[in-house]
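J.: So the sequence lines, in the order shown, correspond to chains X and H. Mapping of the first sequence onto my numbering: position 122 corresponds to residue 122, and the numbering continues sequentially without gaps. Mapping of the second sequence onto my numbering: position 105 corresponds to residue 347, and the numbering continues sequentially without gaps.
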Amino acid sequence: MKIDAKGLHYRPMNKIIRDAVAAGEKEFELDNVGGQRYIGTGLNEPVKITINGTPGNDLGAFMNGPKIIVNANAQDGIANTMNAGEIIVHGNVGDIIGYGMRGGKLYIKGDAGYRVGIHMKEYKKQVPVIIAGGTAGDFFGEYMAGGLIILLGMNGKSPIVGDYVGTGMHGGVMYIRGKVDPYHLGKEVNCLELNEEDMKLIGSYLKEYCEHFGFDLNEVMSGKFTKLVPLSHRPYGNLYVY
Amino acid sequence: MKCDGIPSGCAISGMMSEDGRRIDGRIIIKSIACMHDRSNGLGGGFAAYGIYPNRKDMYAFHMMYDNIEAKEATEEFFKNVFNVDKDEAIPTQRENGVSNEPILWRYFLEVPESKLEFLSERDYVMKTVMKINSDIEGAFVASSGKNMGAFKGVGYPEDIGRFYKLEDYSAYIWTAHGRFPTNTPGWWGGAHPFTLLDWSVVHNGEISSYGINKRYLEMFGYKLELRTDTEVIAYMFDLLVRRHKLPPSLAVTALASPFWKDIDRMEPEKKKLATLVRQVYGSTLLNGPFSIIIGHNRGMIGLNDRIKLRPMTAARKDDMLYMASEESAIREIEPDLDVVWSPKAGTAVVGTLKEEVE
Numbered sequence: 001m002k003i004d005a006k007g008l009h010y011r012p013m014n015k016i017i018r019d020a021v022a023a024g025e026k027e028f029e030l031d032n033v034g035g036q037r038y039i040g041t042g043l044n045e046p047v048k049i050t051i052n053g054t055p056g057n058d059l060g061a062f063m064n065g066p067k068i069i070v071n072a073n074a075q076d077g078i079a080n081t082m083n084a085g086e087i088i089v090h091g092n093v094g095d096i097i098g099y100g101m102r103g104g105k106l107y108i109k110g111d112a113g114y115r116v117g118i119h120m121k122e123y124k125k126q127v128p129v130i131i132a133g134g135t136a137g138d139f140f141g142e143y144m145a146g147g148l149i150i151l152l153g154m155n156g157k158s159p160i161v162g163d164y165v166g167t168g169m170h171g172g173v174m175y176i177r178g179k180v181d182p183y184h185l186g187k188e189v190n191c192l193e194l195n196e197e198d199m200k201l202i203g204s205y206l207k208e209y210c211e212h213f214g215f216d217l218n219e220v221m222s223g224k225f226t227k228l229v230p231l232s233h234r235p236y237g238n239l240y241v242y
Numbered sequence: 243m244k245c246d247g248i249p250s251g252c253a254i255s256g257m258m259s260e261d262g263r264r265i266d267g268r269i270i271i272k273s274i275a276c277m278h279d280r281s282n283g284l285g286g287g288f289a290a291y292g293i294y295p296n297r298k299d300m301y302a303f304h305m306m307y308d309n310i311e312a313k314e315a316t317e318e319f320f321k322n323v324f325n326v327d328k329d330e331a332i333p334t335q336r337e338n339g340v341s342n343e344p345i346l347w348r349y350f351l352e353v354p355e356s357k358l359e360f361l362s363e364r365d366y367v368m369k370t371v372m373k374i375n376s377d378i379e380g381a382f383v384a385s386s387g388k389n390m391g392a393f394k395g396v397g398y399p400e401d402i403g404r405f406y407k408l409e410d411y412s413a414y415i416w417t418a419h420g421r422f423p424t425n426t427p428g429w430w431g432g433a434h435p436f437t438l439l440d441w442s443v444v445h446n447g448e449i450s451s452y453g454i455n456k457r458y459l460e461m462f463g464y465k466l467e468l469r470t471d472t473e474v475i476a477y478m479f480d481l482l483v484r485r486h487k488l489p490p491s492l493a494v495t496a497l498a499s500p501f502w503k504d505i506d507r508m509e510p511e512k513k514k515l516a517t518l519v520r521q522v523y524g525s526t527l528l529n530g531p532f533s534i535i536i537g538h539n540r541g542m543i544g545l546n547d548r549i550k551l552r553p554m555t556a557a558r559k560d561d562m563l564y565m566a567s568e569e570s571a572i573r574e575i576e577p578d579l580d581v582v583w584s585p586k587a588g589t590a591v592v593g594t595l596k597e598e599v600e
């Protein structure tokens, strides 16, 4: 189904999509998107949504299954509390992406803003994954409780990541392709070298990632990665205990 | 003016032609309307620069009056302090979603030379604005700069823009605000932009250091009467840049200072300057989340708080500089941009009118 989003408010537009999904539609192409919020939000079916134009905030929030492809930059709050599915952005993204994300994949070709993956979490096999090809802002992986974040810095900009990396982190793992100045680390993270298992793990996701954006997997994998893990699973356990 | 509710979000957008090309108000309305859902109908407004070329050397006062008595009292007051070249109703039209408007009147004013024995013209005008806002019951100054004006009120910004017929004005800088008041009342005088002389500010966020900032500004003769935190930002730019003559880039470091831990790592010269600014201007530090766009006659400045708790996207196309809470609000009016970026926390985006432009 093709939808011309020009001048269409997000409420009627998302209703058209929800109704069509309920009627069995599998594929959507949205043209002239201009800031409409909540696209794909709360959808439970494995439909495919292609977005041409700039989608609004909270793209794919609470999403549970669909695949969204954005052929432009995207804004703030993508994959907020997303449970399953895929979001592939052929551009940059804004702040607080993957907020409380609990499953699915968010693949970004370019840069990400502040607070990537804030408080994302995992449960058994339900592990959310965020990969960004460029740089990221401050508070990368803030309060992270689970899941996997990979940052590649492929566009050569420096620094690859901002200040306060992993502040409050207490679960999950982050891989950054390059060196992280210890000055930029939050108090709750530890830097490690990668072992073979790590390389195998990120290799499997990066293979898929590179296919989406046409990056050379060998070149990506040839970089030196830093692994970041939490020092404790309860960093603030004693904060209010006197 | 009615002010009976203490009701986050907010939207800001700004655009400027560094070549000084004048653009009519329909474009900025389109941009701010794209972010309609960031506002709740309790405030909208615009600042426009370059709109009164025929009287560009006079102070253009946009006034809001609760009633005719306030208007008469203000006009009586003006007789003694200004030469009034012209006064007229600010043109408006009926617009759905806009009601209970105050009396909206504008004046083109000159300062009599006899008044300038002991203080500068702009200090004189600044004092006059403070006096009206605090002493004349039911009268508020919406703007007081040369060749610029603020158009604001209670309603969604796109409705306010049509109410004021902004299509009839051409400006080289436009800023806009859609309000979603949380901590302070939604009333006509409390809509953004906040202005003083040619300074204007639109703001998304809240200034939790308001009390400290207010007390500091009061020591320099500013009176904070508009019941909204944002007011302090406009007066701070007036104090730091106009009166203390700080370059805007340095004023910005007084408002969104680098953290001490980052100052410790700076080169000696930079470190010394940053330390001095924090020591001297400790009371102008803005705490709390904000993204703001400052307008003035020669340019536009965008700024975020130090840890980026509010959104801001900037973009350029030819001689145009754009800033907005969301990229889509820029693409709405210019889909084909040369460059788009997210400004870093505490780092200003500066647009400057070319020197040869009058």
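Ideal Cβ placement from N, Cα and C applies to all residues, glycine included.
Quick check: what's the CA-CA separation for K31(X) versus L228(X)?
T.: The sequence given here places Asp at residue 31(X); Lys does not occur at that position. Straight-line Cα distance between these residues: approximately 40 angstroms.
J.: List the residues of chain H that G34(X) touches, going by C-beta distances under 7 angstroms, in chain order.
T.: Going along chain H in sequence order, the residues near G34(X) (Cβ under 7 angstroms) are C276, S570, R573 and E574.
J.: Please state the DSSP three-state secondary structure of Y236(X).
T.: In this structure, Y236(X) counts as coil in the three-state DSSP scheme.
J.: Roughly how many angstroms lie between the CA atoms of L488(H) and A496(H), to the nearest whole one?
T.: Cα to Cα, the separation comes out at about 10 angstroms.
J.: With a Cβ-Cβ cutoff of 8 angstroms, do T226(X) and K179(X) count as a contact?
T.: Yes, the Cβ-Cβ distance between T226(X) and K179(X) is below 8 angstroms.
J.: Does the Cβ-Cβ distance between G244(X) and G85(X) come in under 8 angstroms?
T.: Because chain X spans 1 through 242 in this model, residue 244(X) falls outside it and cannot be assessed.
J.: Can you list the residues of chain H that T54(X) reaches, using a CB-CB cut of under 7 angstroms?
T.: Neighbours of T54(X) on chain H, chain order: E569, S570 and R573.
J.: If you follow the beta strand (DSSP E) that S255(H) is part of, which residue opens it and which one closes it?
T.: A253 to S259 is the span of the beta strand (DSSP E), which, as asked, contains S255(H).
J.: Which residue's Cα is closest to the Cα of W416(H): R573(H), P427(H), S491(H) and G292(H)?
T.: Comparing Cα positions, the closest option is G292(H).
J.: One question on the structure: do G98(X) and P128(X) come within less than 8 angstroms of each other, judged by their Cβ atoms?
T.: Against a cut-off of 8 angstroms, the Cβ pair of P128(X) and G98(X) comes out as a contact.
J.: Decide if Y143(X) is buried, meaning its Cβ has at least 16 other Cβ atoms within 10 Å, or exposed.
T.: That one is buried.
J.: Less than 6 angstroms between C-beta atoms, sequence neighbours within five positions excluded: which residues of the same chain meet that for N250(X)?
T.: Since the displayed chain X opens at 1 and closes at 242, residue 250(X) lies outside it and no answer follows.
J.: Going straight from the alpha carbon of G541(H) to that of L492(H), what length do you get?
T.: Rounded to whole angstroms, G541(H) to L492(H) spans 16 angstroms at the Cα level.
J.: Should R185(H) be labelled buried (16 or more other beta-carbon atoms within 10 Å of its own) or exposed?
T.: No information on residue 185(H) is available, as it lies outside the stretch 243 to 600 that chain H covers here.
J.: Rounded to whole angstroms, what is the Cα-Cα separation between P500(H) and I449(H)?
T.: Each residue's Cα considered, the two are about 17 angstroms apart.
J.: Could you pull out every unbroken alpha helix (DSSP H) segment of at least 4 residues lying fully inside the region 374-427 of chain H, listed in chain order?
T.: Qualifying alpha helix (DSSP H) stretches, in chain order: 399-405.
J.: Whose C-beta lies closer than 7 angstroms to the C-beta of Y411(H) among residues of the same chain, with five residues either side of it excluded?
T.: Correct list, in chain order: D266, G267, A290 and I293.
J.: Label V33(X) either buried or exposed according to how many other C-beta atoms from any shown protein chain fall within 10 Å of its C-beta, with 16 as the threshold for buried.
T.: Buried.
J.: Does chain X have any CB closer than 8 angstroms to the CB of S584(H)?
T.: With 8 angstroms as the cut-off, S584(H) counts as an interface residue toward chain X.
J.: Any C-beta of chain H sitting closer than 8 angstroms to the C-beta of K15(X)?
T.: Answer no: the Cβ-Cβ gap between K15(X) and chain H never drops below 8 angstroms.
J.: Quick check on this structure: which residue in K187(X), I202(X) and D181(X) has the alpha carbon closest to the alpha carbon of I150(X)?
T.: Ranking K187(X), I202(X) and D181(X) by Cα distance to I150(X) puts I202(X) first.
J.: Have a look at K157(X), Y205(X), N155(X) and V21(X) and flag the residue whose alpha-carbon is nearest the alpha-carbon of Y175(X).
T.: Answer by Cα proximity: Y205(X).
J.: Anything in chain H within Cβ reach of R37(X), meaning under 7 angstroms, just list it in chain order.
T.: The answer, in chain order, is D279.
J.: Tell me which residues share the same chain as D95(X) and place their Cβ nearer than 8 angstroms to its Cβ, disregarding the 5 neighbours each side in the sequence.
T.: Excluding sequence neighbours, D95(X) sits near D76, G77, G113, Y114, R115 and G137.
J.: In this structure, what does DSSP give as the bridge partners for Q126(X)?
T.: Paired residues: Y123(X).
J.: So with CB distances below 8 angstroms, who are the chain H contacts of G147(X)?
T.: The premise fails here: G147(X) is roughly 22 angstroms from chain H at the closest Cβ pair, so nothing lies under 8 angstroms.
J.: Specify the secondary structure class of H304(H) as computed by DSSP and reduced to three states.
T.: Three-state DSSP puts H304(H) in a strand.
J.: Does D58(X) pass the burial test, meaning 16 or more other C-beta atoms within 10 Å, or should it be called exposed?
T.: Label assigned to D58(X): buried.
J.: Helix, strand or coil for D578(H) per DSSP?
T.: If DSSP states are grouped into helix, strand and coil, D578(H) belongs with coil.
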